[in-house]
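Trainee: Dropping a structure here in structure tokens format, bear with me for questions.
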Amino acid sequence: MFNLPIEGEELFALEFGDIVNYFSLYTTTLFLFAAAFIIIAIIARPERQTDIVFGTDAVYTKEINQDNLRFQRFMAIACGLATLGAVSSGDLFNFSLFTALIGITNIGIVAGVNNRYVLNAAYNYGIVAMVATTFLFGGASIALGTCGTLSIWELAGKGLVPLAAKMFLVLGVMGEGMAPFYIAKAEITRAPGAPYVLMIHVSSLLIFLRVIEIILTV
Amino acid sequence: MDFYQAGLFCTLVCVAISFIALFRERDDIHKILVVDLVETTGLVLICLVATDLAEALILPGLVVGISELLMLAELYIRKEKLPLPSFKPIKIEVMRTAPPIISFVLVVYGIILSGFSGGAVAGIGMVFYFLCKGYEERFELLETVSGYAWALWIAAFFIFMILPQAWLIAVMLSGGAILVKVTTKMALIGAMREGHNV
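Chains as they are written, first to last, in the working numbering: chain A, 73 to 290; chain V, 578 to 775.
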């Protein structure tokens, strides 16, 4: 499978029966990127926003609730771990499960912010993410139904997976990775919940890159 | 056209219908219900494959679906700032006297059965006990026990893969762990009657 142009050279492969968890140059890059952002989420201090009182010179710094902070940090780390799983799994169904998990943890990160508009956005994103799991599981199961296996290693380069299954997978990842569109792009580092919001962007970027690799490989 | 393709076509029609329903729905709480409908059609897509592997894939799919549903519901409660309802405990005499003996019998029988079905039987016993006797914020304890049981289960799987000759200890380990896991999962239902730590 490593003579395909997108993969790069093989670095590591771990066999569990027909499911082979593999690291190519491509997935290793994604893996290291996600790992770096987990470390950032662990060591980062929360952003403390300032409110300016209208008409005066007074400036208030918002206090971050300790419970909220711990919850968001936990969710950010969990999201990073799910991303690690999604970029390194060698199984279509495991990939879709990890992607669904990324969706759940993304909403967790956003829901830590106790702001009505933010929660509204998170709710709407949650509906999209839930709908997207249908496509994810549908794509994986159509691939299983037509090819008889879910292993990316075995399907690689054969072109057996029907176009519909690939389209379903991409649609599903689009739904799960849609989280950044529900957050103002300009406020990645200053938004409520920063810097843990960063993990949302990283995870959605990485699952998009990974699904592109998968549909070009299988 | 074979059965799989015919079933696939029907399911995709169902998906389309549920999407139209979601598109037309305006009320937030009804949206949650319709979204659950959409998820169920996703499970039907897996069911259509109808092999052992597909059967094994249903459970994680279902778990992910339920956890997303729970998350969305929690988010809705938080968004709308809904208050927690408070109930008065039910006063029935049988519910004060019967639980210890019935729960004991069910739990012991469940341990004898072991495995998934044993877990279900023992779990019903614990549900009954918690429902009748009440509890005091035991969620964290139950979650911890459930987590350790899950870790044991995974360890048993690794023994199966790496040391197949030690299959007996792996079977015992996974049977005991799934018993504890199902029991604690079901006991959570009984503990949901009251409290703020849900």
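Every residue gets a Cβ at the ideal spot worked out from N, C-alpha and C, and that includes glycine.
Is it true that the region 683 to 692 of chain V meets the region 211 to 228 of chain A, where meeting means three or more beta-carbon pairs spaced less than 8 Å apart?
Mentor: Because the criterion of three Cβ pairs below 8 Å is not met, the region 683 to 692 of chain V and the region 211 to 228 of chain A do not touch.
Trainee: Scan the region 636 to 675 of chain V and note each continuous alpha helix (DSSP H) run of 4 residues or more that stays entirely inside, going in chain order.
Mentor: The region 636 to 675 of chain V contains these whole alpha helix (DSSP H) runs: 671 to 674.
Trainee: Just the C-alpha distance for Lys257 of chain A and Arg117 of chain A, rounded to the nearest angstrom, thanks.
Mentor: Because Lys257 of chain A sits at a pLDDT of 48, beneath the cut-off of 50, its placement in the model cannot be relied upon, and the following sentence gives the value as read from the coordinates. Those two C-alpha atoms are separated by around 21 Å.
Trainee: Cα separation between Ile214 of chain A and Ile623 of chain V?
Mentor: Roughly 8 Å between the two C-alpha positions.
Trainee: Using the beta-carbon count (16 or more within 10 Å), is Gly89 of chain A buried or exposed?
Mentor: It counts as exposed.
Trainee: Does the region 154 to 172 of chain A come close enough to the region 235 to 251 of chain A that 3 or more CB-CB pairs lie under 8 Å?
Mentor: They touch, by the three-pair rule.
Trainee: Could you say which of V:Ala726, V:Phe580 and V:Ala743 lies nearest to Gly753 of chain V if we only look at CA atoms?
Mentor: It is V:Ala726.
Trainee: If you follow the alpha helix (DSSP H) that Phe693 of chain V is part of, which residue opens it and which one closes it?
Mentor: Element bounds for Phe693 of chain V: Gly692 to Lys710.
Trainee: From Gly724 of chain V to Val125 of chain A, what distance separates their C-alpha atoms?
Mentor: Distance between the alpha carbons of Gly724 of chain V and Val125 of chain A: 48 Å.
Trainee: So, helix, strand or coil for Phe84 of chain A, using DSSP?
Mentor: Three-state DSSP puts Phe84 of chain A in a strand.
Trainee: 7 Å is my cut-off, CB to CB: does Leu241 of chain A come that close to chain B?
Mentor: Of the protein chains in the structure, A and V, none is chain B.
Trainee: Please report the distance separating the alpha-carbon of Pro267 of chain A from that of Leu708 of chain V.
Mentor: Straight-line Cα distance between these residues: approximately 43 Å.
Trainee: So, is the C-beta of Glu657 of chain V closer than 7 Å to a C-beta in chain A?
Mentor: With 7 Å as the cut-off, Glu657 of chain V does not count as an interface residue toward chain A.
Trainee: Listing by chain order, which chain A residues have their CB less than 7 Å from the CB of Met703 of chain V?
Mentor: Going along chain A, no residue has its Cβ under 7 Å from Met703 of chain V, so there is no contact; the nearest lies around 27 Å.
Trainee: In angstroms with no decimal places, state the Cα-to-Cα distance between Phe681 of chain V and Ala193 of chain A.
Mentor: Distance between the alpha carbons of Phe681 of chain V and Ala193 of chain A is about 48 Å.
Trainee: Give me the residue from V:Met763, V:Ser691, V:Pro741 and V:Phe600 with the minimum Cα distance to Leu756 of chain V.
Mentor: The shortest Cα separation from Leu756 of chain V among V:Met763, V:Ser691, V:Pro741 and V:Phe600 belongs to V:Ser691.
Trainee: When the distance is taken between beta carbons, is Glu87 of chain A closer than 7 Å to Ser96 of chain A?
Mentor: No, these two residues do not count as a Cβ contact at 7 Å.
Trainee: Closer than 8 Å, Cβ to any Cβ of chain A: which residues of the region 738 to 758 of chain V, in chain order?
Mentor: For the region 738 to 758 of chain V, which is checked against every Cβ of chain A, the residues closer than 8 Å are Met738.
Trainee: On the three-state DSSP scale, how would you describe Asp163 of chain A?
Mentor: In this structure, Asp163 of chain A counts as strand in the three-state DSSP scheme.
Trainee: Using the Cα positions of Thr674 of chain V and Gly702 of chain V, report the straight-line distance between them to the nearest angstrom.
Mentor: Going by the C-alpha atoms only, they are around 14 Å apart.
Trainee: Which same chain residues end up closer than 6 Å to Leu141 of chain A when comparing Cβ atoms and leaving out the 5 residues on each side of it in sequence?
Mentor: Hits under 6 Å: Pro118.
Trainee: Could you check the C-alpha separation between Asn774 of chain V and Leu652 of chain V for me, to the nearest Å?
Mentor: A caution first: Asn774 of chain V carries a pLDDT of 45, below 50, which makes its placement in the model too unreliable to give a value.
Trainee: What does the alpha-carbon distance come out to for the pair Val274 of chain A and Ile110 of chain A?
Mentor: Near 10 Å, if we compare the C-alpha coordinates of Ile110 of chain A and Val274 of chain A.
Trainee: I'd like to know whether the C-beta atoms of Gly638 of chain V and Leu620 of chain V end up nearer to each other than 7 Å.
Mentor: A contact, by the Cβ cut-off of 7 Å.
Trainee: Quick one: which chain A residues come within Cβ less than 7 Å of Val612 of chain V?
Mentor: Chain A residues near Val612 of chain V: Ile199, Met202 and Val203.
Trainee: Tell me the DSSP secondary structure of Ile124 of chain A in three-state form.
Mentor: Strand, per DSSP.
Trainee: From Ile279 of chain A to Val245 of chain A, what does the alpha carbon distance come to, in whole angstroms?
Mentor: Answer to the nearest angstrom: the Cα atoms are 7 Å apart.
Trainee: For a contact meaning CB atoms closer than 8 Å, what does Ile688 of chain V contact in chain A?
Mentor: Ordered by position in chain A, no residue passes the 8 Å Cβ test against Ile688 of chain V, which lies about 32 Å from the chain.
Trainee: Which value, in whole angstroms, describes the spacing of the CA atoms of Ala183 of chain A and Ala228 of chain A?
Mentor: Distance between the alpha carbons of Ala183 of chain A and Ala228 of chain A: 39 Å.
Trainee: Taking a contact to mean a Cβ-Cβ separation below 7 Å, would you say Ala251 of chain A touches Asn178 of chain A in this structure?
Mentor: Contact: yes.
Trainee: Run down chain V in chain order and give the residues with a C-beta less than 8 Å from the C-beta of Ala172 of chain A.
Mentor: Here the neighbours are Val641 and Glu645.
Trainee: In angstroms with no decimal places, state the Cα-to-Cα distance between Ala631 of chain V and Gly162 of chain A.
Mentor: When rounded, the distance between both Cα atoms is 17 Å.
Trainee: Between Phe105 of chain A and the rest of its own chain, which residues show a CB-CB distance below 6 Å, the 5 nearest in sequence each way excluded?
Mentor: Result list for Phe105 of chain A: empty, nothing under 6 Å.
Trainee: Do the CB positions of Cys728 of chain V and Ile736 of chain V come within less than 7 Å of each other?
Mentor: Before going on, a small fix: residue 728 of chain V reads as Ala here, not Cys. Going by C-beta atoms, Ala728 of chain V is not nearer than 7 Å to Ile736 of chain V.
Trainee: May I ask you to report which of helix, strand or coil DSSP gives Tyr98 of chain A?
Mentor: If DSSP states are grouped into helix, strand and coil, Tyr98 of chain A belongs with the helices.
Trainee: With DSSP as the reference, please indicate the residues paired to Ser168 of chain A in a beta bridge.
Mentor: Ser168 of chain A pairs with nothing; no bridge assigned.
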